[in-house]
Each structure stands twice: as C-alpha cells, then as structure tokens.
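First comes the structure, then the notes that go with it.
Protein chains in written order, with the working numbering: chain H, 1 to 411; chain Z, 412 to 514.
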C-alpha cells in the first residue's frame with residue numbers, strides 16, 4: 001500500500017489528484033488494484049433505468065468484461081453492495097453468493113465491494129478480488145471506500161462533461177458554418193456557447209427549390225443536451241414547412257402547433273424571413289424574437305419595424321403576421337439571439353435600458369462593417385466585449401451584393 | 412441581493428393573490444410553479460402579483476406559461492394583477508403582452 005502522506009484520500013469536491021485528468025477507467029482500476037494489492041478490480045455502473053448494474057471495466061482477469069451480464073440491483077454480490085450501500089466482504093466465493101459467471105470462472109476466491117456514491121446519489125459499485133479465500137478485512141473496506149469516493153467525483157465530472165460534449169457535437173452538426181449561397185447574397189454566422197453550458201440557440205440559411213432564400217434564427221428556452229435536441233427537431237420541422245408554405249407566418253403557425261402538440265411545456269422564439277431573388281424584398285415573421293437589424297447604405301442601421309407575435313409553445317391559436325422589409329443592394333440584415341443583448345442587471349444598471357444600449361451598440365458595429373465575416377467579428381467584440389456570456393449567442397448576418405441585380409433563377 | 416419569494420396574501424374582497432418578488436429565473440422557476448400549484452388548489456382562478464419581480468428571464472416566462480396551462484387544465488385561468496417593468500419588458504419582447512393581459 002502506498003504511503004500517501006501528502007493528502008487524505010477522502011473525496012470532497014476539490015480537484016481529484018490521485019489520477020491524471022484524462023486517465024482511462026482501466027488505468028484508474030489498475031492503480032486501485034495496486035493500492036489494494038488485489039488480483040482484480042472492477043467497476044459496475046447503475047443503468048439509466050436505475051434498476052441494474054452494468055459491468056463497465058475490469059482489470060486482472062484475462063477475459064474482458066464484454067461477456068459479463070448486467071446484475072439486478074439487490075441480486076448477487078455487486079447487487080447487494082448497491083442495495084445496502086455498505087461494503088460487502090465475501091470470504092469464500094460460491095455460486096450462492098456470486099452470480100457473475102466471469103468471476104466464478106476465473107478462480108476469484110474472495111471479494112470486497114463498496115458503493116460509489118456522490119452525495120446521496122449512487123453511481124455504481126467498485127469491487128476488488130483475490131485468488132485466495134479470506135483476503136479482505138475492515139481496514140481494507142475503509143481504504144476501498146475512500147478510493148470509491150474519489151472515483152465517484154471523477155466519474156460524475158465525466159458524466160457531466162460527456163453530456164456537455166454530446167450537446168456540443170449535436171449543436172455543431174446542426175449549425176452550418178459554410179452555406180450554399182446563390183449569387184447576390186453573402187452570409188456569415190457565429191455561435192458562442194454560454195460559459196460552462198450551452199443552450200438551444202440555432203440559425204439556418206438555405207435556398208428553396210422555387211428560388212426563395214430563407215434566413216432563420218431561434219432560441220429554445222432551457223439549456224443543455226435536451227434543449228439542443230429540441231432545437232434539432234424544430235430546425236428540421238421548419239425546413240419541411242418552408243418547402244410547403246411561402247408565408248413565414250404560416251410556417252411559424254405550423255411550427256407552433258407542432259411544438260404545442262409534440263413538445264408540450266417547451267418554448268422557443270423564432271425569427272424567419274424569406275426573399276425571392278434578388279433578395280431585396282424580404283418577408284419576416286417573428287415568434288417572440290427580436291426584429292432583425294437592417295443596414296441600408298447611406299443611413300444608420302436600425303431594428304426593422306416588425307410586430308412581435310407570441311413565442312412558440314404558448315398560444316397556438318394566436319394569428320401570426322408577416323411584414324415586408326426592404327434591404328437594398330449593398331445592405332446588411334442581422335439576425336441575433338437575446339444572449340447578444342440581454343444581461344442580468346447589475347448594481348450599476350439601475351435606471352439603464354441595458355438591452356436598448358446593447359442594440360444601439362449592435363447598430364453602430366454594423367454601420368462600420370463591410371463584409372459579413374468582419375461584421376460578425378465586430379459585433380461580437382464590440383457588443384459582447386469582455387463580460388462573461390451568461391446565455392449563449394447566435395448571430396447571422398447576410399449582405400446583399402451592391403449590384404443588387406441577379407438573374408431571376410438565383411444562379 | 413433580491414432572493415425569490417412567493418407568498419399567498421389576501422387581496423381585495425378576500426380574493427387570494429400570490430405575491431411574487433425577487434428574481435424569477437432558472438434558479439427559482441420550478442419553486443415558483445410548485446408554490447403556486449400547491450397553494451392555489453382551492454381556487455380555479457390564480458391571481459399573481461408580479462409587481463416585486465426584479466428580473467425575469469425566459470425560464471421565468473416558461474414558469475408563467477406552465478401555471479397558465481395548469482389553471483386552464485383545471486377549467487380556470489391565471490390573471491396578473493400587477494407586473495413590474497422587468498416583467499412587462501419580457502412580455503413585450505416575446506409577444507406575450509396581449510396573452511397575459513393585466514387584470
């Protein structure tokens with residue numbers, strides 16, 4: 001056993017330092033096996049239904065855990081550890097007290113198992129085995145419990161990270177970074193996740209078979225993987241309705257009915273605009289979303305005059321409106337989510353219209369910009385600046401060619 | 412620090428009103444919904460006084476819509492008897508002003 005005099009093993013939520021941050025589970029188990037001077041070490045994790053233990057990793061056995069069955073909580077050796085949440089020692093392994101055929105078939109004679117918990121939540125079971133009987137005592141149970149506490153902190157952090165990585169991967173796959181653009185329109189977009197989390201912001205830009213071009217931006221209320229999944233569904237449904245309907249209000253009406261029926265208790269804001277070539281006459285409809293900012297050559301950029309209808313998911317019977325918005329050649333149109341301009345009021349903000357000031361800053365940033373890429377960079381630097389993003393941010397900027405006139409077929 | 416609070420008070424004519432103050436956000440939204448749905452079980456009409464709400468985000472708005480749907484499901488309704496500027500602004504930005512009209 002290592003003489004670890006530098007720090008106690010007992011896990012709090014401080015940085016775990018027993019194992020490197022990216023150590024694999026087998027590497028960690030190998031270290032536990034050495035610290036315990038045991039022959040085997042295994043981890044089983046509680047499944048999603050919280051009814052069974054899934055064998056996750058084992059060291060010290062020739063065969064991998066791949067063939068090992070999951071164990072119902074309450075049954076067998078590991079099942080008993082999970083149910084009682086207490087250490088269990090088996091001095092002499094028999095088919096009576098152990099049901100895992102992999103352990104039985106490999107000559108493991110004695111076992112010590114402890115629960116892996118974080119706070120009041122059970123994550124799984126850690127157990128070590130020896131190829132001789134009567135190998136474990138109370139002191140070793142205490143030592144293994146301390147290692148299990150530390151392992152629990154590592155595992156929980158990884159679960160959170162995994163769900164974060166999954167949400168990020170999903171969001172990345174749904175947010176285009178390169179667009180298929182017809183002549184006459186140029187587009188750039190950015191997505192900035194919130195500090196430590198990500199929400200359900202999305203944008204989309206696509207051409208339809210009849211030549212119309214669509215600009216979309218939206219925000220699913222909530223955060224994390226679940227919001228990213230809902231966002232993906234809304235994005236697909238919106239594309240499908242856009243194929244069928246030419247009026248953005250009608251598309252949003254269908255999307256509202258869809259969310260109210262299939263995703264009850266979910267809310268989303270969406271701004272949708274269509275324009276036929278040469279993309280200077282847009283029709284926009286807003287479901288609870290900020291109006292786009294339009295920059296016209298020779299005039300200061302300003303939010304378009306657009307009535308705001310209810311956000312999606314709240315009132316599917318409410319009639320929705322579409323509004324024509326002119327964007328002349330050489331002009332910009334900027335769609336954005338509230339993360340760009342919203343900020344929780346601080347002590348110095350009393351009496352300030354923070355959102356209004358931010359929208360003014362957005363207009364100024366756009367005014368001085370040329371192409372959509374530099375406009376995106378300028379908007380994010382000047383409007384967001386240094387303050388920590390509490391909410392995620394999506395920005396979509398389209399610029400129309402100064403010539404303004406292209407052929408009607410959009411090519 | 413303006414912590415979230417929701418408490419049932421008796422309004423004009425003995426009508427129960429739930430008075431809400433503080434920040435209505437991700438941290439307090441579920442508590443808010445629980446407080447209302449647990450304390451307003453004797454009345455089909457839920458009256459909310461949001462005059463003391465200092466900040467509301469989209470999850471706070473989501474809580475209001477949940478309460479509205481809950482009352483509608485019981486054949487009742489939700490009425491706002493007061494709304495702070497912070498609440499009014501969010502309702503306006505999300506197109507919900509006409510749907511949550513003040514009583």
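Where is the CB? At the ideal position from N, CA and C, for every residue including glycine.
By a C-beta neighbour count over all protein chains shown, 10 Å radius and 16 as the cutoff for buried, is residue i buried or exposed?
i	result
residue 145 (chain H)	buried
residue 140 (chain H)	buried
residue 476 (chain Z)	buried
residue 455 (chain Z)	exposed
residue 257 (chain H)	exposed
residue 467 (chain Z)	buried
residue 142 (chain H)	exposed
residue 149 (chain H)	buried
residue 298 (chain H)	exposed
residue 24 (chain H)	exposed
residue 151 (chain H)	buried
residue 209 (chain H)	exposed
residue 127 (chain H)	buried
residue 262 (chain H)	exposed
residue 180 (chain H)	exposed
residue 310 (chain H)	buried
residue 471 (chain Z)	buried
residue 95 (chain H)	exposed
residue 137 (chain H)	exposed
residue 199 (chain H)	buried
residue 484 (chain Z)	exposed
residue 496 (chain Z)	exposed
residue 22 (chain H)	exposed
residue 324 (chain H)	exposed
Tell me, to the nearest whole angstrom, how far the beta carbon of residue i is from that of residue j; I am working on the premise that it is less than 8 Å.
i	j	result
residue 439 (chain Z)	residue 415 (chain Z)	4 Å
residue 363 (chain H)	residue 278 (chain H)	About 25 Å; that fails the 8 Å criterion.
residue 78 (chain H)	residue 102 (chain H)	Not quite, the Cβ-Cβ distance comes to about 12 Å (not below 8 Å), so this is no contact.
residue 285 (chain H)	residue 252 (chain H)	5 Å
residue 339 (chain H)	residue 392 (chain H)	5 Å
residue 232 (chain H)	residue 170 (chain H)	6 Å
Taking the DSSP output, what are the residues bridged to residue i?
i	result
residue 199 (chain H)	H:223
residue 35 (chain H)	DSSP output for residue 35 (chain H) lists no bridge partner at all.
residue 325 (chain H)	H:282
residue 427 (chain Z)	Z:421
residue 204 (chain H)	H:216
residue 127 (chain H)	H:42, H:113
residue 490 (chain Z)	Z:458
residue 395 (chain H)	H:190, H:336
residue 469 (chain Z)	Answer by DSSP bridge pairing: none, since residue 469 (chain Z) is not bridged.
residue 295 (chain H)	H:332
residue 437 (chain H)	A question about residue 437 (chain H) goes unanswered here, because the residues of chain H that appear run from 1 up to 411.
With a threshold of 6 Å on Cβ separation, who are the neighbours of residue i within its own chain once the five nearest residues in sequence on each side are excluded?
i	result
residue 489 (chain Z)	457, 478, 479, 482
residue 47 (chain H)	54
residue 163 (chain H)	225
residue 129 (chain H)	39, 40, 108, 111
residue 356 (chain H)	none
residue 207 (chain H)	182, 213
residue 333 (chain H)	292, 294, 327, 398
residue 147 (chain H)	32
residue 425 (chain Z)	none
residue 18 (chain H)	150
Closer than 8 Å to a non-hydrogen atom of the ligand SAM - does that hold for the CB of residue i?
i	result
residue 22 (chain H)	The ligand SAM is not among the ligands present in this structure, which contains no ligands whatsoever.
Leaving out the 5 sequence neighbours to the left and right, which residues in its chain are closer than 7 Å to residue i when beta-carbon positions are compared?
i	result
residue 1 (chain H)	Note that residue 1 (chain H) scores a pLDDT of 41, beneath 50, so its modelled location is shaky; the value from the coordinates is reported in the next line. Contacts found: 35, 37.
residue 280 (chain H)	326, 327, 328, 329, 400, 404
residue 107 (chain H)	131
residue 75 (chain H)	99
residue 122 (chain H)	46, 82, 85, 115
residue 491 (chain Z)	459, 461, 511, 513, 514
residue 30 (chain H)	59
residue 331 (chain H)	294, 295, 296, 297, 400
residue 230 (chain H)	200, 220, 263, 266
Grab me the residues of residue i's own chain with a C-beta within less than 8 Å of its C-beta, minus the 5 sequence neighbours each way, in chain order.
i	result
residue 487 (chain Z)	454, 455, 456, 457
residue 371 (chain H)	186, 188, 399
residue 265 (chain H)	313
residue 499 (chain Z)	508
residue 60 (chain H)	33, 38, 39, 40, 41, 129
residue 134 (chain H)	91, 92, 110
residue 302 (chain H)	293, 294, 363
residue 248 (chain H)	272, 273, 274, 283, 284, 285, 322
(message) Contact between the stretch 281 to 295 of chain H and the stretch 502 to 514 of chain Z is defined here as three or more beta-carbon pairs at a separation below 8 Å; is this criterion met?
(response) yes
(message) Count Cβ pairs between the stretch 263 to 279 of chain H and the stretch 207 to 221 of chain H that sit closer than 8 Å; are there 3 or more?
(response) yes
(request) Examine the Cβ distances between the stretch 230 to 240 of chain H and the stretch 163 to 177 of chain H and report whether three or more of them are shorter than 8 Å. (result) yes
(message) For the stretch 151 to 164 of chain H against the stretch 70 to 88 of chain H, do three or more pairs of beta-carbon atoms, one drawn from each stretch, fall closer than 8 Å, so that the two count as touching?
(response) no
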